[in-house]
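One structure is given here, and the rest of the page talks about it.
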Amino acid sequence: MFEPFSRGYYLGRLTVAPHGGERALMQRDQHERVNAQLYTTGEGVERTDLPLVMKVDTSHLSVLGEPGVPEDTLAVPESLLSELGVRNPPTLRTVLLATADRAAQLLRLSGGARGADDAGVPGVDDEPPDRDGGDGPASTGV
Numbered sequence: 032m033f034e035p036f037s038r039g040y041y042l043g044r045l046t047v048a049p050h051g052g053e054r055a056l057m058q059r060d061q062h063e064r065v066n067a068q069l070y071t072t073g074e075g076v077e078r079t080d081l082p083l084v085m086k087v088d089t090s091h092l093s094v095l096g097e098p099g100v101p102e103d104t105l106a107v108p109e110s111l112l113s114e115l116g117v118r119n120p121p122t123l124r125t126v127l128l129a130t131a132d133r134a135a136q137l138l139r140l141s142g143g144a145r146g147a148d149d150a151g152v153p154g155v156d157d158e159p160p161d162r163d164g165g166d167g168p169a170s171t172g173v
């Protein structure tokens, strides 16, 4: 689902679809699986329900898991579709998933673990992804 892209991001493709809520969502089991494979350290008991940070077009989103969302789908609030450059949803789009370190940095910059009340991660949307091809993490097969 996601492959290493740079030191700060994994690259993947998801169907971006609108929903009537206020948060960005993906299927809960898939969310927890990605979270466990890419955001945990393997040391002790770790949470797998924390937000994933994804970038669609130029906007970062804090993504939570929800059981009713179809697999391989990023459900975004309808109000964000034009900001994300989505014209005819649902549509298959390239999505960048922040690495654990990058996600922590973005969430810190936004004032904490956003996603409980807001879909976006403000203040970081204008930063381009790291495309230097540096030492990215090893392939995880997610």
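Residue numbering for the sequence shown is 32 to 173, as defined by our numbering.
Note that the Cβ used here is the ideal one computed from N, Cα and C, for glycine as well.
Computed from a predicted model, the values in this text were never measured in an experiment.
In the three-state DSSP reduction, residue 97 falls in the strand class (E or B).
Separation of residue 109 and residue 52 (C-alpha to C-alpha, rounded to the nearest whole angstrom) is 8 Å. Note on geometry: alpha-carbon atoms of residue 90 and residue 140 lie some 14 Å from one another.
Counting C-beta pairs closer than 8 Å gives three or more between the region 38-46 and the region 117-134, which meets the contact rule. At the C-beta level, residue 137 and residue 87 stay beyond 8 Å of one another. Taking C-beta separations shorter than 8 Å and ignoring five residues to either side along the sequence, the partners of residue 59 in its chain run 96, 97, 98 and 100, following chain order.
In this structure, residue 76 keeps its C-beta atom at 8 Å or more from the C-beta atom of residue 92.
Looking at the backbone, the Cα of residue 78 and that of residue 134 are separated by about 15 Å.
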